[in-house]
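Residue numbers (this note's numbering), protein chains in the order written: chain A, 1 to 290; chain B, 1 to 290. Don't be surprised by glycine CBs; every beta carbon is placed ideally from N, CA and C. Computed from a predicted model, the values in this text were never measured in an experiment.
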DNA sequence: AAATTTCTGAAAAATTTTTTACATTTCGAT
DNA sequence: ATCGAAATGTAAAAAATTTTTCAGAAATTT
């Protein structure tokens, strides 16, 4: 690399604060697939980033280059150096850190978990689960335990925008028996139970099952005992270099489920979402996105 | 890559015999530091290879391109694909499902998010954040918003086992001003703020900052306005094929942070964990893992 | 060795790309 | 709500790059 040891990518990130809205938009577009995007003509870059041509020219100058061609020349020089360098540490996730760094070790483990979990999942079962969750004829109960109630709540929060008739139950709370009073046959339960499996959750599942409810279970690879009652079980690999287990894979499945369910009853959702957004706007909880 | 699966480099080598003297000279120059050399202006390439400008134009046509710009475009496309691929590229994640299935599409996007996020993170900043969170001299506040309070709680639950003096604040609750009364200089705040950024969170951050607290921010790639107050900002890519954003990458970072912090003050933790386990066992919340 | 074909490069023409100038919009402060 | 400053985009000018044309050089064939 030339005089400065910093890559253009670094410099852009460093300057990110000093950039204006359109320029930041452009910056992200450059980083999106770096460095390829910056090596094309200025006008293509502008088009990709949906900013005007002069905006690109101005930002490039802001980064300290005399003009776009000079900017490109340095990008190419960077690329030359990178390809030339045999110690291309391309096998790490966080490039600035050695492979033994926790960031890299942990990410490796998580990717591995994802690979295994997705590899073993039955798409039909997953689709079936999504259909069940999407069905607004029955009430939807979402159940989590001591740790997993965070995942349950995450699912609950998004389902709120998608469909009515949902309840979030925390199995560790002593109020859950009340909720079960109203359970009808064919109501849907989404239950999270990871090791160490919770007694309360099992009991809750048993009662729900006895009442004729249909159970969907998110669990780990060793499976919570609830799985014997569940119509559909989704097992996740959760091992990471830590004293605790990872919930990343489970969250991935949860989010995928949210997205699928949303697609299943899109018509209704659009309205609901707009309504919801309006309400949040009115309470001024959020700032407008700039 | 276009119709042919061959790279330009392959094609050049294949054609090598059908090329004339000057063209061969040029070919070797291109391959010399591929692909950087081909991404500059035609005239530079000609100069480097010590051939004339039309020679380059002619050879590029011989390789089957309409003109030099088209040749460059494909080089860039190659580069794009190459950079995108290097780690963990599965054709399909859920093998029983077509690649258009939501499970595969969503996972692709998430892996991509992880790649980008980790690629742009500064390990030093991350380590610093972990140290700050591990420091038991100051009180640790964990703050989340409407959706992100689930992540905040996840962090909180694990930190409970690792260190004392922690508080989970939900910025959307109206009780948070009370908590801030007790904030001392150098207390640590871990704040979650993803788009759409929340006004309450910003206000809370401002007050905490004014009181001399040190802020660690988990945000998205566009960065919450809180980042101007934060000592350390960790930006996450969050785009997925859904109407909502993904929290998977953020959870990954949170878990990695938990694991790192645990390593930092391992001595203390062991005792705390055992104590905690005992307590949970006594309340019989959990069944023994069989 | 001459003739023919093919290859190569200089220079002009055509095209594209970059830069500059200026009008419009947006944003923040009063 | 109004003003002024900063930011952004449109469009034209300037600069560069690419393509074409054509003449001379090298190689090949007769």
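- Exposure label - residue 83/A; buried when at least 16 CB within 10 Å: Here residue 83/A is exposed: its Cβ has fewer than 16 other Cβ atoms, across all protein chains shown, within 10 Å.
- Message: I'd like to know if residue 67/B contacts chain A, where contact means its C-beta is closer than 9 Å to some C-beta of that chain.
- Response: Residue 67/B does not count as touching chain A.
- Applying a beta-carbon distance threshold of less than 7 Å, which residues of chain B neighbour residue 147/A? Within chain B, the C-beta atoms nearer than 7 Å to that of residue 147/A come from 157, in chain order.
- Message: Starting from residue 39/A, trace the beta strand (DSSP E) in both directions and tell me its first and last residue.
- Response: Note, residue 39/A: premise wrong, no beta strand (DSSP E); not H, not E.
- Cα separation between residue 225/B and residue 140/B? In this model, residue 225/B and residue 140/B are separated by some 21 Å (Cα to Cα).
- Task: Assign residue 198/A to one of three DSSP states: helix, strand, or coil.
- Result: Under the three-state reduction of DSSP, residue 198/A is assigned to strand.
- Query: With which residues is residue 144/B paired in a DSSP beta bridge?
  - Reply: Note: residue 144/B sits in a beta bridge opposite 170/B.
- Task: For residue 236/A, write down the residues that DSSP places opposite it in a beta bridge.
- Result: DSSP, once it has assigned bridges, lists 220/A as partnering residue 236/A.
- Item | Three-state secondary structure (DSSP) of residue 157/B | Of the three classes helix, strand and coil, the one that applies to residue 157/B here is helix, per DSSP.
- Interface residues of the stretch 36-65 of chain A facing chain B [CB-CB below 7 Å]: Going along the stretch 36-65 of chain A in chain order, one finds 36, 39 and 40 with a Cβ nearer than 7 Å to chain B.
- Check whether the stretch 180-195 of chain A touches the stretch 211-220 of chain A, taking contact to mean three or more Cβ pairs, one atom from each stretch, closer than 8 Å. Short answer: they touch.
- Select from 215/A, 176/A and 129/A the residue whose C-alpha is nearest the C-alpha of residue 261/A. Ranking 215/A, 176/A and 129/A by Cα distance to residue 261/A puts 129/A first.
- Does the distance from the CB of residue 248/A to the CB of residue 51/A come in under 9 Å? In this structure, the beta-carbon distance from residue 248/A to residue 51/A does not fall below 9 Å.
- Whole-angstrom Cβ separation of residue 48/B and residue 29/B, contact assumed at under 8 Å? 5 Å between Cβ atoms; contact.
- Message: Please state the DSSP three-state secondary structure of residue 121/B.
- Response: In the structure shown, residue 121/B sits in coil (DSSP, three-state: anything other than H, G, I, E or B).
- Relative to the C-alpha of residue 238/B, which residue among 115/B, 189/B and 18/B is closest? That would be 115/B, whose Cα lies nearest to the Cα of residue 238/B.
- Task: Please confirm if residue 114/A has its CB atom under 9 Å from at least one CB of chain B.
- Result: The beta-carbon of residue 114/A is placed less than 9 Å from the nearest beta-carbon of chain B.
- Message: Which residues in chain A have a C-beta closer than 8 Å to the C-beta of residue 33/B? List them in chain order.
- Response: The contacting residues are 80, 83 and 84.
- Query: Leaving out five residues before and five after residue 62/A in sequence, what residues of the same chain have Cβ atoms less than 8 Å from its Cβ?
  - Reply: Hits under 8 Å: 15, 18, 19 and 23.
- Paired residues, beta bridge with residue 193/B - DSSP: By DSSP's assignment, residue 193/B forms a beta bridge with 219/B.
- Query: With a cut-off of 8 Å, do at least 3 Cβ pairs link the stretch 64-78 of chain B to the stretch 100-107 of chain A?
  - Reply: Result no; under three Cβ-Cβ pairs closer than 8 Å.
- Message: Rounded to whole angstroms, what is the Cα-Cα separation between residue 132/A and residue 204/B?
- Response: Cα to Cα, residue 132/A sits roughly 40 Å from residue 204/B.
- Cβ-based burial, residue 76/A [other Cβ within 10 Å; buried from 16]: With 16 or more neighbouring CB atoms inside 10 Å of its own CB, residue 76/A falls in the buried class.
- Task: Give a yes or no on whether the C-beta atoms belonging to residue 166/B and residue 160/B are separated by under 9 Å.
- Result: Yes.
- Distance between residue 96/B and residue 189/B (C-alpha atoms, nearest Å): When rounded, the separation of the alpha-carbon atoms in residue 189/B and residue 96/B is 44 Å.
- Message: When you compare the CB of residue 288/B with every CB in chain A, is at least one pair closer than 9 Å?
- Response: Only weak support is given to the placement of residue 288/B: the predicted model assigns it a pLDDT of 47, under 50, and the question is left unresolved by the model.
- Task: Identify the contact partners of residue 262/B in chain A, using a Cβ-Cβ distance below 9 Å as the criterion.
- Result: Per Cβ cutoff of 9 Å: 242, 243 and 244.
- Whether residue 71/B touches residue 38/B by CB criterion (9 Å): For residue 71/B and residue 38/B, yes; Cβs fall inside 9 Å.
- Task: Go ahead and label residue 35/B buried or exposed: buried means 16 or more other beta carbons lie within 10 angstroms of its beta carbon, across all protein chains shown.
- Result: Buried.
- Message: Rounded to whole angstroms, what is the Cα-Cα separation between residue 176/A and residue 236/B?
- Response: Rounded to whole angstroms, the separation of the alpha carbons of residue 236/B and residue 176/A is 36 Å.
- Message: Taking beta-carbon pairs under 8 Å, can you tell me which members of the stretch 117-141 of chain B lie near chain A?
- Response: Cβ contacts with chain A come from 118, 119, 120, 121, 122, 123, 124 and 126.
- Message: With a threshold of 9 Å between beta-carbons, can residue 101/A be considered close to chain B, or not?
- Response: With 9 Å as the cut-off, residue 101/A counts as an interface residue toward chain B.
- Message: Just to confirm, is the Cβ distance from residue 183/A to residue 230/A under 9 Å?
- Response: Going by C-beta atoms, residue 183/A is not nearer than 9 Å to residue 230/A.
- Report all residues from its chain with a CB closer than 6 Å to the CB of residue 125/B; omit the five preceding and five following residues, and keep chain order. Answer for residue 125/B: 232, listed in chain order.
- Message: Using 8 Å for Cβ pairs, my map puts residue 234/A next to residue 142/A. What's the rounded Cβ distance?
- Response: That belief does not hold up - the Cβ atoms of residue 234/A and residue 142/A are roughly 14 Å apart, past 8 Å.
- Query: What residue range is occupied by the uninterrupted alpha helix (DSSP H) comprising residue 71/A?
  - Reply: 68-84 is the extent of the alpha helix (DSSP H) around residue 71/A.
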